[in-house]
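K.L.:
The following block contains the structure, expressed as structure tokens.
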Amino acid sequence: CIAAYIGILRSGNAVLLLDEKLNDEIRNNLISIYNPEFILTSTNALLENYSLDFNFNILLFYKRNKFFTKKLFPELAVLLSTSGTTGSPKLVRLAYKNIQSNAESIVKCLHIDSNERPITTLPLNYSYGLSVVNSHLHKGATIVLTDKTVFFRDFWDLFNYQKCTSFAGVPYTYTMLKRISFDNIELPTLKTMTQAGGKLSEEFIRHFSTYALKKNVNFFVMYGQTEATARISYVPAETLREKIGSIGIPIPGGEIKIVNDGIEITTPTEIGEIVYRGENVMLGYAENRKDLSKGDELGGLLYTGDLGYKDNEGFFYVTGRMKRFIKIFGLRINLDDIQKMVENHFRISAACTGKDDLLRILVQTDDLTVEVNVRNEILKVYKLNFTTVVVKATNEIPTNSSGKYDYNKINEMFEN
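Residues in the sequence shown are numbered consecutively from 27, following this note's numbering.
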């Protein structure tokens, strides 16, 4: 798959990367909307308007029977989904310069050289996973490919056998690593751990930063968005323990500002929208084939939709999403604040969702008494009516292919 990805880019073509486990209906819908000239897949498929051209054993190469004459934007390189497995046709359009710029910035942040040997832990269609590949290939490093997961012993056996030096993980990855007693696994060649793809709880940052200090390993907490080709900021490993909860400082070549109503906020700790500027910012979005002919619509400026602030030392913090709010009887409720409070107070993983006048909290526990305790605490702290809060316990909070909470599935759990 990586060989195909690199080959497509080197040939000057654009590629849409999809989850190989994507639902057939969703996949076919995307094909009908974007009408790609070629399709590479590992599974046999009956594709309307396409014929099998080559069989590479592990990959099947399908060609469209009739090509489109309208040209794509010449700098268009990669298309990535904004929605994981929901089937939305909205894609992020990335240019060659976006990929190059972000790879170079990550190399500088993580001190990557040709001696590094990362092991794959994230899908290629996920911007974080793709950035690991891009940044290491940029320096001529060796990448160890596997479909094994970090939760099983054979993954770590392979890690040691191949003398791997680093791995990447989303919050769910680190939650599971703690559960399997990762600290007790001997990994003599491990040099670097990175975390992005969502906010890791302060408790887990402390735990793994302590592990990193003990094992002489660099642990980097990073922040980014697919719209910025993956990374926007990072916390230097040497300052992580002093800046727990921070998303860090801008990656080399990038700039972050806090903005409110179009005006930059310069007062430390004042909250506004996080706005990023850099060469890694996408060209724009696409929702159909016609949009692939569009050029750069953003000019390197990305309004992230995240709320946050900057401290006195220039480190940035995310406080929530602009759209992660509901109103309960007219009271504006920040779902991220509720989620953080539950996790910190009860020392459990939690996911908050809902709609106006109904707050839903999913907690990961097999202790059903926690449901009652969480609900009572929320009602007490936020002075809410008892009819507006529902708490449900589960053995595992659903996540999407990127390892982030799947709020659509979480809502379904409450509906059923």
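Ideal placement from N, C-alpha and C gives every residue a C-beta, glycine not left out.
Being a predicted model, the structure only gives us computed values, none of them experimental.
Cα-Cα, which of 167, 429, 55 is closest to residue 189?
P.N.:
Residue mapping note: residue 189 aligns to position 163 of the sequence shown, counting from 1. The shortest Cα separation from residue 189 among 167, 429, 55 belongs to 167.
K.L.:
Going by DSSP, which residues form a beta bridge with residue 76?
P.N.:
Numbered from 1 along the sequence shown, position 50 holds the residue referred to as residue 76. Its beta-bridge partners are 90.
K.L.:
Would you tell me roughly how many angstroms separate the C-alpha atoms of residue 159 and residue 405, rounded to the nearest one?
P.N.:
Sequence index remark: in the sequence shown, residue 159 carries index 133 (1-based). Sequence index remark: in the sequence shown, residue 405 carries index 379 (1-based). Approximately 46 angstroms between the Cα atoms of the pair.
K.L.:
Is residue 112 helix, strand or coil when you go by DSSP?
P.N.:
On the sequence shown, residue 112 is found 86 positions in, with the first residue counted as 1. Caution applies to residue 112, whose pLDDT of 43 falls short of 50 and renders its modelled position unreliable; the model cannot decide the point.
K.L.:
How is the alpha helix (DSSP H) around residue 398 delimited, first residue to last?
P.N.:
The residue labelled residue 398 in the question sits at position 372 within the sequence shown. Looking at the DSSP string, the run of the alpha helix (DSSP H) that includes residue 398 is 395–408.
K.L.:
Is it buried or exposed for residue 348, if we count other Cβ within 10 angstroms and need 16 for buried?
P.N.:
Mapped onto the sequence shown, residue 348 falls at position 322. It is exposed - the Cβ of residue 348 has fewer than 16 other Cβ atoms within 10 Å.
K.L.:
Go through its chain and collect everything with a Cβ distance to residue 112's Cβ below 7 angstroms, but skip five positions before and after it.
P.N.:
Translated into positions along the sequence shown, residue 112 becomes position 86. Legend: pLDDT at residue 112 = 43, less than 50; position of this residue unreliable, value from coordinates given subsequently. Hits under 7 angstroms: 434.
K.L.:
Return helix, strand or coil for residue 222, following the three-state DSSP convention.
P.N.:
For this step, residue 222 is matched to residue 196 along the sequence shown. The answer is coil: DSSP assigns residue 222 none of H, G, I, E or B.
K.L.:
For the beta strand (DSSP E) that residue 437 lies in, which residues bound it at each end?
P.N.:
Working through the sequence shown from its first residue, we reach residue 437 at position 411. Run containing residue 437: none in the beta strand (DSSP E); it sits in the alpha helix (DSSP H), 433–441.
K.L.:
Might you give, ordered along the chain, the residues of its own chain that have their beta carbon closer than 7 angstroms to the beta carbon of residue 45, omitting 5 neighbours on each side?
P.N.:
In the sequence shown, counting from the first residue as 1, residue 45 sits at position 19. Same-chain partners within the cutoff: 111, 149, 151, 427.
K.L.:
Helix, strand or coil for residue 338, going by three-state DSSP, please let me know.
P.N.:
In the sequence shown, residue 338 corresponds to position 312, counting from 1. In the structure shown, residue 338 sits in coil (DSSP, three-state: anything other than H, G, I, E or B).
K.L.:
Taking only heavy atoms of the ligand NAP into account, decide whether any of them is closer than 7 angstroms to the Cβ of residue 408.
P.N.:
This structure lacks the ligand NAP; in fact it carries no ligand of any kind.
K.L.:
For residue 294, which residues in the same chain have their Cβ closer than 8 angstroms to its Cβ, ignoring the five residues on either side in sequence?
P.N.:
Along the sequence shown, one-based indexing puts residue 294 at 268. Excluding sequence neighbours, residue 294 sits near 335, 336, 337, 338.
K.L.:
If you draw a straight line from the C-alpha of residue 35 to the C-alpha of residue 251, how long is it?
P.N.:
Sequence index remark: in the sequence shown, residue 35 carries index 9 (1-based). Sequence index remark: in the sequence shown, residue 251 carries index 225 (1-based). Those two C-alpha atoms are separated by around 21 angstroms.
K.L.:
Please report the residue range of the beta strand (DSSP E) in which residue 246 lies.
P.N.:
Counting from 1 along the sequence shown, the entry for residue 246 is found at position 220. Here the beta strand (DSSP E) through residue 246 covers 244–249.
K.L.:
On the CB-based measure, 16 or more other CB atoms within 10 Å of its CB, does residue 441 come out buried or exposed?
P.N.:
Looking up residue 441 in the sequence shown gives position 415. Its Cβ having fewer than 16 others within 10 Å, residue 441 is exposed.
K.L.:
With a threshold of 7 angstroms on Cβ separation, who are the neighbours of residue 161 within its own chain once the five nearest residues in sequence on each side are excluded?
P.N.:
Mapped onto the sequence shown, residue 161 falls at position 135. Same-chain partners within the cutoff: 129, 132, 133, 138.
K.L.:
From what residue to what residue does the beta strand (DSSP E) around residue 126 run?
P.N.:
Working through the sequence shown from its first residue, we reach residue 126 at position 100. Here residue 126 belongs to no beta strand (DSSP E); instead the alpha helix (DSSP H) covers 122–136.
K.L.:
Let me check understanding here. Comparing Cα to Cα, which of 247, 397, 120, 82 lies closest to residue 156?
P.N.:
Position 130 of the sequence shown, counted from the first residue, corresponds to residue 156. Considering only alpha carbons, the answer is 120.
K.L.:
Classify residue 225 as buried or exposed, calling it buried when 16 or more other Cβ atoms lie within 10 Å of its own Cβ.
P.N.:
On the sequence shown, residue 225 is found 199 positions in, with the first residue counted as 1. Classification of residue 225: buried, given that the 10 Å Cβ count is 16 or more.
K.L.:
Take the Cβ of residue 62 as the centre, count every other Cβ of all protein chains shown within 10 Å, and call the residue buried at 16 or more, exposed below.
P.N.:
Here residue 62 refers to the residue found at position 36 when the sequence shown is read from its first residue. Label assigned to residue 62: buried.
K.L.:
Report the option in 122, 237, 352, 415 whose CA atom is closest to the CA atom of residue 203.
P.N.:
Your numbering for residue 203 matches position 177 in the sequence shown. Here the closest residue by C-alpha is 237.
K.L.:
Identify which residue in 230, 391, 437, 345 has its Cα closest to the Cα of residue 385.
P.N.:
If you number the sequence shown from 1, residue 385 lands on position 359. If we check each option's Cα against that of residue 385, 437 comes out closest.
K.L.:
Distance check for residue 86 and residue 78, CA to CA, integer angstroms please.
P.N.:
By one-based count along the sequence shown, residue 78 stands at place 52. By one-based count along the sequence shown, residue 86 stands at place 60. Cα to Cα, the separation comes out at about 7 angstroms.
K.L.:
Determine the closest residue to residue 215 out of 206, 277, 144, with distance taken between C-alpha atoms.
P.N.:
In the sequence shown, residue 215 corresponds to position 189, counting from 1. If we check each option's Cα against that of residue 215, 144 comes out closest.
K.L.:
By alpha-carbon positions, which one of 192, 271, 355 ends up nearest to residue 230?
P.N.:
Taking the first residue of the sequence shown as 1, we reach residue 230 at position 204. Of the listed residues, the one whose Cα sits closest to residue 230 is 271.
K.L.:
From the DSSP secondary-structure annotation, give me the bridge partner or partners of residue 239.
P.N.:
What you label residue 239 is simply residue 213 of the sequence shown in a count that begins at 1. DSSP, once it has assigned bridges, lists no residue as partnering residue 239.
K.L.:
Closer than 8 angstroms is the cut-off here; do at least three beta carbon pairs connect the stretch 300–320 with the stretch 268–282?
P.N.:
They touch, by the three-pair rule.
K.L.:
Rounded to the nearest angstrom, what separates residue 60 and residue 50 at their Cα positions?
P.N.:
Here residue 60 corresponds to residue number 34 of the sequence shown, with the count starting at 1. Here residue 50 corresponds to residue number 24 of the sequence shown, with the count starting at 1. The alpha-carbon atoms of residue 60 and residue 50 are separated by roughly 15 angstroms.
K.L.:
Taking C-beta to C-beta, are residue 249 and residue 222 nearer than 8 angstroms?
P.N.:
Within the sequence shown, the letter at position 223 stands for residue 249. Within the sequence shown, the letter at position 196 stands for residue 222. Contact: yes.
K.L.:
Quick one: residues in its chain with C-beta nearer than 6 angstroms to the C-beta of residue 185, no 5 flanking neighbours on either side, listed in chain order?
P.N.:
To locate residue 185, count along the sequence shown from 1; it is residue 159. Excluding sequence neighbours, residue 185 sits near 145.
K.L.:
How many angstroms separate the CA atom of residue 411 from the CA atom of residue 388?
P.N.:
Position 385 of the sequence shown holds residue 411. Position 362 of the sequence shown holds residue 388. Each residue's alpha carbon lies about 18 angstroms from the other.
K.L.:
Within a Cβ cutoff of 6 angstroms, which residues of the same chain sit near residue 198, ignoring the five residues on either side of it in sequence?
P.N.:
Here residue 198 refers to the residue found at position 172 when the sequence shown is read from its first residue. Taken in chain order, the residues that qualify are 425, 429.
K.L.:
Can you find the residues in the same chain that come closer than 6 angstroms, C-beta to C-beta, to residue 401, ignoring five residues on each side of it along the sequence?
P.N.:
Residue numbering aside, residue 401 sits at position 375 when the sequence shown is read from its first letter. These residues qualify, in order along the chain: 415, 417.
K.L.:
Within the continuous beta strand (DSSP E) that includes residue 104, where are the two ends?
P.N.:
Position 78 of the sequence shown, counting from 1, holds the residue named residue 104. Start and end: 102–107.
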